[in-house]
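Below is one structure; the comments refer to it alone.
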Amino acid sequence: MPGLSIIIASADGTRFYAALEAAAAAAALGRPARIFLQGEAAVLLRTPVPFDGDAARRVAGQPDLVSLIAEAMAMDVRLIVCQSGMALAGMTASELVPQVRAGGLVSFLSELGSDDRLVVY
Numbered sequence: 001m002p003g004l005s006i007i008i009a010s011a012d013g014t015r016f017y018a019a020l021e022a023a024a025a026a027a028a029l030g031r032p033a034r035i036f037l038q039g040e041a042a043v044l045l046r047t048p049v050p051f052d053g054d055a056a057r058r059v060a061g062q063p064d065l066v067s068l069i070a071e072a073m074a075m076d077v078r079l080i081v082c083q084s085g086m087a088l089a090g091m092t093a094s095e096l097v098p099q100v101r102a103g104g105l106v107s108f109l110s111e112l113g114s115d116d117r118l119v120v121y
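Written out as structure tokens, the structure reads:
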């Protein structure tokens with residue numbers, strides 16, 4: 001079954017939230033899903049995870065970003081953070097959300113299946 005691969009190209013929490021929703025929906029349909037946070041987007045998975053939209057989401061009965069990350073990962077959505085982006089942000093692997101792995105764009109793209117869908121947010 002074709003998978004869904006998503007690249008987050010900016011440090012925009014709203015786009016990351018939408019990408020997590022899409023990846024979780026794909027996983028719920030039995031499709032493999034993974035998200036690569038490129039460049040400055042690496043900070044979106046630095047603990048504690050910052051997101052200005054959390055209060056409004058909670059009021060609306062939706063999960064906050066940390067909860068959505070946990071739900072997506074529980075559904076086997078793979079989260080990969082750009083090593084160069086981590087260096088750019090002065091981050092170390094110990095600052096990442098648990099179970100997130102560091103990697104590069106070349107390795108991310110090399111794992112893209114011929115039938116997979118690639119989306120950039």
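Start counting the sequence shown at 1; every next residue gets the next number (the numbering used here).
Yeah, the Cβ is synthetic: ideal placement off N, Cα and C, and Gly gets one too.
The model shown is predicted, which means the values in this text are computed figures rather than measured ones.
Under the DSSP definition of a beta bridge, which residues are partnered with residue i?
i      : result
Arg78  : Arg34
Ala89  : BP columns for Ala89 are empty, so no partner.
Leu96  : Arg46
Ala102 : Val81
Leu118 : Ser5
Check the Cβ-Cβ distances between residue i and every residue of chain B, and say whether any is below 7 Å.
i     : result
Asp54 : Any reference to chain B falls outside this structure, which holds one protein chain only.
Taking the alpha carbon of residue i as the reference point, which residue from the options has its own alpha carbon closest?
i      : options                      : result
Cys127 : Ala18, Met1, Ile35           : Summary: the structure shown does not reach residue 127, with the chain confined to residues 1 through 121, and so no result is reported for it.
Leu68  : Asp12, Phe16, Tyr121, Leu112 : Phe16
Ala12  : Ala22, Leu44, Leu20          : Residue identity check: residue 12 is Asp in the sequence provided, not Ala. Here the closest residue by C-alpha is Leu44.
Pro50  : Gly39, Val66, Glu40          : Val66
Arg101 : Ala18, Gly61, Gln38          : Gln38
Ala85  : Ala42, Leu118, Ala22         : First, the amino acid is wrong: residue 85 is Gly here, not Ala. Comparing Cα-Cα distances from Gly85 to each of Ala42, Leu118, Ala22, the minimum goes to Ala42.
Gly113 : Ala89, Ser10, Arg31          : Arg31
Asp76  : Gln99, Leu105, Leu118, Ala56 : Gln99
Glu21  : Ala60, Ala72, Ser10          : Ala72
Under 7 Å Cβ to Cβ from residue i, same chain only, skipping five residues before and after it: list those, please.
i     : result
Arg58 : Asp64
Thr14 : Gly53
In its own chain, which residues sit with a C-beta less than 8 Å from the C-beta of residue i, not counting the 5 before and 5 after it?
i      : result
Gly103 : Phe36, Ile80, Val81, Cys82, Gln83
Phe108 : Ser5, Ile7, Arg34, Phe36, Ile80
Thr47  : Glu95, Leu96, Val97
Whose C-beta lies closer than 6 Å to the C-beta of residue i among residues of the same chain, with five residues either side of it excluded?
i      : result
Asp116 : Pro2, Gly3, Ser5
Tyr121 : Ile8, Arg15, Ala19
Problem set entry | Given 8 Å, three or more beta-carbon pairs between the region 88-101 and the region 15-29 | no
Problem set entry | 4 or more residues per run - each alpha helix (DSSP H) lying fully within the region 1-59 | 13-28, 54-59
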